[in-house]
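What follows is one structure encoded as structure tokens, with my remarks underneath.
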Amino acid sequence: MNAFKGSWVVLALILTGCGGGSGSDEPSQVSASVNAGADLQVTEKTEVTLNAQASPAGGTFNWQVISGANISEFPITEQQAAFVAPDIKADVNLLIQVDYVAPDGSLASDQVTVAVKSNNQLPIPSISQTAPETLPAKYKDTITLSAAGSSDPDENGQVVAYQWQQVSGPTTIQPTGLNTATLSFVHPLLATSLSSIWQLTVTDDEGGQASTQFTLGLLAHSSVVVADAGSDQQVQEFDEVKLDGSNSDTVSGQKQCVWRQVTAGTQVALSSATGCSTTFDAPDQNILSQVEFELTVTDSQNRSATDTVRIDIEKKPLGKLNDSGQTTCYNNTDVITCSMTQFTAQDAQRGRDYFATQVAKEGSGRAGFDFTKLNRFADELPDDATDFACVRDNVTGLIWEVKEASAGTLPNTSSRNAQNSYTWYVEVDGAVAEGSVQAAANTTCPQDSHCGIQALIDEVNNPAVGEQSYCGGNNWRLPTYMELLGLLDYGSASSAVIDEALFPHLPSTTTLGHRYYWTLQSSLDGTGSMLRRAYVIDMDTGNDFAVEKSSSAFVRLVRNP
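For the sequence shown, the UniProt record's numbering assigns the number 1 to the initial residue and increments by one for each residue that follows.
Below, the structure written as structure tokens:
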């Protein structure tokens, strides 16, 4: 009720007259008043009745809630307002107003405050063990405690928070989910069986809290130190290999780890021999195909245990093709370090050339290239030999012709002279390939039959009586496009894109105005109904071109071993 509660609100009209008026001396008065009653304090969900007193009688009432909460019974148009206090989560004050209209139309109002108190029932905590399936739990088992069965007895209440706390038990336990409905931890390593007590506190949506405890039995283990060197691994040569003994354990939780290579032969370099986790770079598989390590774990009382792990090393699948020779990275304009993230996945960061410093080579060569020099009988020569007849590519296995030095004047030159050139005339499986063109004999070459490529192939594969086969074989042929491309070193600092220390005697550019070499690959570009063009590769730039088969270009023969 407001400040005037208990008093009458009076509207008076007093009429008085002057001089001989004949009116009565009594004032004329009309009034309306209402009293909503005293303020109340009630509990949520209980019945409440407000009773208004009004004067003069015979008028109408209207009750309404001004603030506090929505109540379905309002508005009420009776003298008594009966309703149920709302279901609330926190205390609330209801400000309720009654309006009274007297029979003569005059209006009076009053307000009353109903203080509604929350009646929260505390939540009911519940703990159950849901893992492991087989009990009792033992060392390394994952133990799971669930609070999912906890509840709030209030009609529309709910549990909103969980808090787990270890009251007693081993200090080496490392739990997860301390603030969730599910707590998990791994059964620790114990020298004696112990109990672990866990306390759960749950909070409901009205801030009410309740707690309960759960006792677990934890079993002793037969060992006080457990060494775990990790699972055996299969890796590729040159990979970084991680040895992980972090799952090793001691009763106290304190441990020291020492790694030792137990296999004989080449010793790998560990990043640290005394860390529980360490790394090493897998060596070339040709050097070491399997390596075994022993891990020794020692606790604070000098008790120890050991475990071993085997690492199988496989060849890295670099394929049977040479890489590009590019070992430098670039941005749009300059050389950059290959570690820059703005320009990733460059050729220098992958493939055979990337591992060039780690690959064990049979011979020599820049970057990832690996060539062995051979004499005229195909016997291997030292890498520093200066007199050699052919070269074996140790990546592809192919044996390549080494040209003789340019000497004499065409056509009076040796058979495999560097300056000899030919038109594209090739026989494949005994048949002349489509588009083949023979140049006249003794023109750009010394052969007497013609100056097509097949004339050179036939002469090399059919030595004169009493002569040895060239470099141990009679199966020399024209290389395919990809085979010849595999000789190119795009990272070379010399004027040619082929290693002239291994493939000397390149012809002079003045001979034909270029240094194009034929491939077996015909081109469909602009040929019409006949394959009139074939691909050449420029030994100065590494570019390829489709040229007329009637053109003259140089030849480097190849054979399979």
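For every residue, glycine included, the Cβ atom is placed at its ideal position computed from N, Cα and C.
Nearest CA to the CA of residue i: which residue from the options?
i	options	result
GLY473	ALA378, ALA496, ALA534 and LEU50	ALA378
ALA102	TRP400, SER550, ALA57 and ILE127	ALA57
ALA214	ALA360, ALA90, LEU178 and ILE127	The residue you asked about is not Ala; residue 214 is Phe in the sequence shown. Per the Cα distances, ILE127.
MET530	GLY435, VAL65 and HIS505	GLY435
ILE66	SER55, VAL98, THR46 and GLN53	VAL98
ILE453	ASP544, LYS549 and GLU467	LYS549
LYS117	ARG515, GLY68, ASP141 and ALA534	GLY68
LEU506	ARG556, THR413 and ALA441	ARG556
ALA131	VAL186, ASN120, LEU95 and GLU155	VAL186
SER304	GLN256, PHE293 and PHE280	GLN256
ALA441	SER415, VAL112 and GLU427	SER415
ASN70	TYR425, ALA36, GLU427 and ALA85	ALA85
LEU524	TRP518, TYR517 and ARG532	ARG532
THR511	THR144, ALA108, SER406 and CYS471	SER406
VAL497	ILE537, VAL465, THR480 and PRO479	ILE537
GLN111	SER246, ALA385, VAL437 and ALA38	ALA38
residue 563	ASP284, LEU288, GLY207 and PHE293	Only positions 1 to 561 of the chain appear in the structure, and residue 563 is not among them; the question remains open.
ASN420	VAL428, VAL437, CYS451 and GLU362	CYS451
VAL297	PRO175, PHE61, ASN156 and ARG260	ARG260
ASP544	THR480, ASP370 and VAL114	THR480
GLU404	PHE343, GLN358, GLY430 and LEU502	LEU502
GLY230	CYS276, GLY59, SER522 and ASP141	CYS276
Hey, residue i and residue j: beta-carbon distance below 8 Å or not?
i	j	result
THR49	ALA82	yes
TYR253	LEU218	In the sequence as displayed, the identity of residue 253 is Gly instead of Tyr. Not in contact: GLY253 and LEU218 (Cβ atoms no closer than 8 Å).
ARG352	GLY368	yes
SER552	ALA439	yes
PHE238	ALA282	yes
ASP87	ASP152	no
THR443	PRO463	no
ASN290	ASP307	As written in the sequence, residue 290 is Gln, which differs from the Asn given in the question. Not a contact, by the Cβ cut-off of 8 Å.
SER106	ALA54	no
ASP540	SER495	yes
ALA348	GLN326	yes
THR278	LEU321	no
ASP299	VAL258	no
ARG376	TYR470	yes
THR144	THR182	yes
ASN394	THR372	yes
GLN158	ASN179	no
PHE280	VAL235	no
ALA433	VAL426	yes
ILE399	VAL262	no
LEU40	ALA115	yes
Please classify residue i as buried or exposed, where buried requires at least 16 other C-beta atoms within 10 Å of its C-beta.
i	result
GLY265	exposed
GLU401	buried
ASN93	exposed
GLU73	exposed
PRO123	buried
MET340	exposed
GLY149	exposed
PRO561	exposed
THR337	exposed
THR423	buried
VAL547	buried
LEU95	exposed
ALA385	exposed
GLY408	exposed
ILE287	exposed
SER246	exposed
ASP448	exposed
PRO27	The pLDDT assigned to PRO27 is 46, lower than 50, so where the model puts this residue is not dependable; a value taken from the coordinates is nonetheless given after this. Exposed: under 16 other Cβ atoms inside 10 Å.
ASP323	buried
ASP489	buried
Any heavy atom of the ligand SAH inside 7 Å of the beta-carbon of residue i?
i	result
SER272	The ligand SAH is absent from the structure shown, which contains no ligands of any kind.
Can you round the beta-carbon distance between residue i and residue j to whole angstroms, since I take them to be within the 8 Å contact cut?
i	j	result
ASP499	GLY365	7 Å
residue 613	ASP232	This structure cannot speak to residue 613, because the chain is shown only from 1 to 561.
ILE173	GLN166	7 Å
ALA389	LEU374	6 Å
SER184	PRO125	Actually they do not touch by this definition, with Cβ atoms about 18 Å apart.
ASP154	GLN121	5 Å
LYS89	GLU206	5 Å
* Do the region 319-333 and the region 455-469 make contact, defined as three or more Cβ pairs closer than 8 Å? -> As far as the Cβ criterion goes, the region 319-333 does not touch the region 455-469, which means the pair count is below three.
* To do: Report yes or no: do three or more beta-carbon pairs, one from the region 188-199 and one from the region 73-80, lie closer than 8 Å?
  => Fewer than three pairs of CB atoms, one per stretch, sit closer than 8 Å, so the region 188-199 makes no contact with the region 73-80.
* Asked: Are the region 177-194 and the region 217-234 touching, with three or more C-beta to C-beta distances below 8 Å?
  -> The region 177-194 vs the region 217-234: in contact.
* Asked: Using 8 Å as the threshold, is the region 299-319 in touch with the region 467-486, meaning 3 or more CB pairs across them?
  -> no
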